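Chains as they are written, first to last, in this note's numbering: chain A, 1 to 551; chain B, 1001 to 1165.
#1: Of all Cβ atoms in chain B, is any one closer than 8 Å to the Cβ of residue 549 of chain A?
#2: For the alpha helix (DSSP H) holding residue 21 of chain A, just list the boundary residues, first then last.
#3: Under the DSSP definition of a beta bridge, which residues are partnered with residue 327 of chain A?
#4: Whole angstroms are fine: how far does the CA of residue 186 of chain A sit from the CA of residue 491 of chain A?
#5: In this structure, how does DSSP classify residue 1214 of chain B when only helix, strand and coil are distinguished?
#6: What are the boundary residues of the alpha helix (DSSP H) that residue 232 of chain A is part of?
#7: Look at the alpha carbon of residue 545 of chain A and the alpha carbon of residue 445 of chain A, and state the distance between them as a whole number of angstroms.
#8: For a test of the three-state rule: what should DSSP assign to residue 1007 of chain B, helix, strand or coil?
#9: Note down, in chain order, each residue of its chain lying with its Cβ closer than 8 Å to the Cβ of residue 1070 of chain B, except the 5 sequence neighbours on either side.
#10: Residue 1126 of chain B lies in the beta strand (DSSP E); which residues open and close that run?
#11: Can you give, in chain order, each stretch of the beta strand (DSSP E) that sits fully within the stretch 144-215 of chain A and has at least 3 residues?
#12: For a contact meaning CB atoms closer than 7 Å, what does residue 1142 of chain B contact in chain A?
#13: Mind checking whether residue 1129 of chain B and residue 22 of chain A have CB atoms under 8 Å apart?
#14: Can you have a look at residue 188 of chain A and say buried or exposed, based on whether 16 or more other CB atoms are within 10 angstroms of its CB?
#15: Scan the stretch 39-91 of chain A and note each continuous alpha helix (DSSP H) run of 4 residues or more that stays entirely inside, going in chain order.
#16: Could one say the Cβ of residue 1105 of chain B lies closer than 8 Å to chain A's Cβ atoms, at least one of them?
#17: Between A/442, A/414, A/441 and A/53, which lies nearest to residue 430 of chain A when the distance is taken from Cα to Cα?
#18: Comparing the C-beta of residue 1087 of chain B with each C-beta of chain C, is any distance below 8 Å?
#19: At 3 residues or longer, and completely inside the stretch 295-328 of chain A: list those beta strand (DSSP E) runs for me, N to C.
#20: Cβ of residue 1084 of chain B less than 8 Å from any chain A Cβ?
#21: Which two residues bound the contiguous alpha helix (DSSP H) that contains residue 429 of chain A?
#22: Buried or exposed: residue 255 of chain A, going by 16 or more other Cβ atoms within 10 Å of its Cβ?
#23: Mind checking residue 1007 of chain B: buried by the 16 CB within 10 Å criterion, or exposed?
#24: Residue 162 of chain A and residue 125 of chain A look like a contact to me (Cβ under 8 Å); what is the Cβ gap, rounded to whole Å?
#25: Does chain A have any CB closer than 8 Å to the CB of residue 1120 of chain B?
#26: Determine the chain B residues that contact residue 11 of chain A at a beta-carbon separation under 9 Å, and present them in chain order.
#27: If you draw a straight line from the alpha carbon of residue 399 of chain A to that of residue 70 of chain A, how long is it in whole angstroms?
#28: Answer with buried or exposed for residue 311 of chain A, where buried requires no fewer than 16 other C-beta atoms within 10 angstroms of its C-beta.
#29: So what does DSSP say about residue 1025 of chain B, is it helix, strand or coil?
#30: Chain B partners of residue 162 of chain A, CB-CB under 8 Å?
#31: What residues are listed by DSSP as bridge partners for residue 481 of chain A?
Here's what the structure looks like:
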């Protein structure tokens, strides 16, 4: 965990005080709702259908046990007893009162947290690989660079009123688990041919109405220039990104309209003026930030025989061991995926007492922290394999033991029309029906890893474009309907899903998903051919045929 | 329209903003657009009264390169507070072109933006109608710590102070 120093602390304290003043002025009528809007948005406060929604930043997804307990307190005292994990590794509260938000920000500041720039047309929370720091294929832990970006972007005076929101992701591994290709800027830690450390910079990815895969604008950026280069990209975007149409204002449109060569040339030109400025990083500053992460020391442990453990355990625990563990590069340790998706709960929702149980678990068995994942689950990254049985027992007690990580019921789902004033259709009820329909775990295990991602509108908060199965809620002449798309993937071979055919009604959509899964299950070459591989080999046709017949 | 200069309320000033086709009056302080300043700079510099430039969000501020002598004021327009291009214009004027004269934000300038405006190089702020100068001045000092380099300090925090290891 990055530990704040006095400067970091003062900034979040002063931010809480500033927002208290802004709320007072709003309540006193000194500022209009229109003028208040960008202020509250830059504090993560949205006006939703029924109430305000507060989005709390969880930088690169890392949460300490103390922070989990504070989030639990907020859920209990200022919300309806639960918090919601988002696809940007953040936490949302759906029911705070405006008057309470300054108190919530104070509480967050007391545990080194904030809601700064979690919304609004500014640089948002930087995200990363949930396996950062423990993945075997990692060149370098990306999180210190995320923290450097967090600090550089926090209250950056030039980039608070961009054409549109701006999202950055960093990965330090060869395998991309941070979805860098669907971010405004994606950063990959790489080594060049001379063995020097640096970054590959991708720009212009994003989902929403017009999904784009990011393009490489620089294949190698020496490490010391990270922030000056980002500044150059942001300046070219701030000056020349489109502002005439909200739906064409993301940087992906600028890159696509200009072409990547012209865009890259403009960035290089700008960067040439500032690359040797004081914004350049030093090795000492990077090392200092790394030091403040207080990376845990691991014990020298033997690897446990987990196959043997599974054989001697009951079916559910054995399934958990098979589905919910992720490898750790240190022998004797493992990461655990804690699914927030049992069949009766909205994906990503966690109660106050579950948050506290997670905090206790992290303290007892997880070196004191957890990671919020893009798929709205929570990971305990540092668990001793020898403790798995004890950890599982606690998870079971709190209904956090669902063994569906990576399976089709491990769905991503936006809040949809139940909460969101942008949505065209409900998404949570569909997710719940899917979870209910596919509750035969043996069938799910037989299908293997299939990602299902659902959004209630084209703004794509549920990342439906990059789900192996994507579901998009639309409004069809006043009636909720659902488009089905297949073949999306956010990883190294990033691809956008393709629409199969006409949309389905709310009554039909779960059957349609079932048909898709059965089509794959009966036509795949072997159990080794994943859903995505099958789609990439066979295309849409087999699915079209089974969904719509041959007419 | 309160005017704030260097963190304090300043007396109102009378500048006439000239439309592109409007003749330049013989007397009185005037604001002209970028194009006129670049093309008619010699005549404008010969005036006894002051001349400033009013930059619009889509003006390329770098067009002022080499023309800064004799400019009494650069005003940067914020027609809508959500249009942030003026922040980059200010930063480039200070950092790239080395402009040291008065740089004034005008238009939809709200107290809650002035902290950012000061940091990118504005030393004068003409607040939007009805906005409180006291609130704005208080906001100028809202944060005592900043992380990144800007026009007010070319060093990021880690080069200004010894941050703890």
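C-beta atoms are modelled at their ideal positions from N, C-alpha and C, and glycine is treated no differently.
Treat the numbers as computed from the prediction; the structure is a model and nothing was measured.
So, from the listed chains and residues:
#1: no
#2: 6-27
#3: A/334
#4: 12 Å
#5: Since the first residue of chain B shown is 1001 and the last is 1165, residue 1214 of chain B is not available in this structure.
#6: Under the DSSP assignment, residue 232 of chain A falls in the alpha helix (DSSP H) whose first and last residues are 226-240.
#7: 25 Å
#8: coil
#9: 1041, 1044, 1045 and 1051
#10: Taken as a continuous stretch (DSSP letters only), the beta strand (DSSP E) holding residue 1126 of chain B covers 1124-1126.
#11: 168-171, 185-191 and 197-203
#12: 14 and 18
#13: no
#14: With 16 or more other Cβ atoms from the protein chains shown falling within 10 Å of its own Cβ, residue 188 of chain A counts as buried.
#15: Every alpha helix (DSSP H) stretch that sits fully inside the stretch 39-91 of chain A and reaches 4 residues is listed by chain position as 65-78.
#16: The beta carbon of residue 1105 of chain B does not come within 8 Å of any beta carbon belonging to chain A, so the residue lies off that interface.
#17: A/414
#18: The structure shown contains no chain C; its protein chains are A and B.
#19: Listed in chain order, the complete beta strand (DSSP E) runs (minimum 3 residues) inside the stretch 295-328 of chain A are 325-327.
#20: yes
#21: 428-437
#22: Looking at its Cβ environment, which holds 16 or more other Cβ atoms inside 10 Å, residue 255 of chain A is buried.
#23: Residue 1007 of chain B should be labelled exposed.
#24: Actually they do not touch by this definition, with Cβ atoms about 15 Å apart.
#25: yes
#26: 1143, 1144, 1145, 1146 and 1147
#27: 21 Å
#28: exposed
#29: coil
#30: 1084
#31: Paired residues: A/474 and A/505.
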